[in-house]
Amino acid sequence: RRINLLPAWGPGGLYFSSQTPEGFFALFRQGRTEPVLQADGLVMGAAFSGSRMAIVLTRDGNSEIYIGSSDGSGLRRLTNDPGADVSPVFSPDGSKIAFVSDRAGGPQVYVMDSGGGGQRRVSFSGSYNTSPTWAPDNQTIAYAGRSGGADIFSVNIGGGSPRRLTEGQG
């Protein structure tokens with residue numbers, strides 16, 4: 176009888192966001208009745224690297240990315256921007272986090288060090304870029320984007336132009 180969404184595998188099983196009776200969203204782990212993390216506002220979009228968790232919280236009414244332990248302890252804010260920062264995903268080696276932000280107007284893909292430093296935009300073409308995912312090389316990100324159509328793009332975070340991987344497919 177609740178809305179459940181945004182599943183992610185982490186230490187000990189499957190984590191997901193679920194609506195609480197108060198109308199907020201909390202982070203749960205499958206098989207447990209008590210939330211791993213609950214706050215006044217949204218708790219969504221967990222991503223894991225080992226025992227570390229990146230999560231989106233709206234503690235101040237704005238979506239920001241935090242990092243802490245997979246048990247919800249030791250949370251530290253990584254982003255601090257008036258735009259919404261969402262959809263964190265760790266690079267395969269855990270050294271970086273890709274995320275989506277509308278700080279430049281529409282949703283675009285950004286990258287930061289897993290400690291929060293070095294935040295920079297990596298998608299520049301298209302008006303609506305979301306759903307970043309890392310390649311095993313720790314240097315390439317694929318994402319969904321709109322640029323004359325809805326397609327999948329990739330970009331090397333070290334620089335270079337995005338590459339359209341689909342066009343007129345599906």
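Residue numbers for the sequence shown follow the numbering used here, so the first one is 176 and each next one is one higher. Glycine included, every Cβ here is placed at the ideal spot set by N, Cα and C.
query                                                                                                             : result
For glutamate 239 and valine 261, the rounded distance between their alpha carbons                                : 7 Å
Exposure of glycine 220, with buried meaning 16 or more beta-carbon neighbours within 10 Å                        : buried
Nearest-angstrom Cα separation, counted from aspartate 277 out to alanine 222                                     : 20 Å
Beta strand (DSSP E) segment containing aspartate 288, residue limits                                             : 283-288
Beta-carbon separation (whole angstroms), phenylalanine 203 vs tyrosine 190, contact threshold 8 Å                : 7 Å
First and last residue of the uninterrupted beta strand (DSSP E) at glutamine 145                                 : Nothing can be reported for residue 145, as the shown portion of the chain is limited to 176 through 345.
For alanine 324, the nearest candidate out of Ile332, Thr315, Ser300 and Thr308 (CA to CA)                        : In the sequence under discussion, the amino acid at residue 324 is glycine, which differs from the alanine named in the question. Comparing Cα-Cα distances from glycine 324 to each of Ile332, Thr315, Ser300 and Thr308, the minimum goes to Ser300.
Which of helix, strand or coil DSSP assigns to phenylalanine 199                                                  : coil
Burial state of isoleucine 242 (16 or more Cβ within 10 Å)                                                        : buried
Opening and closing residue of the beta strand (DSSP E) in which glycine 188 lies                                 : 188-194
Buried versus exposed call for asparagine 304 [16 or more other C-beta atoms within 10 Å across all chains shown] : buried
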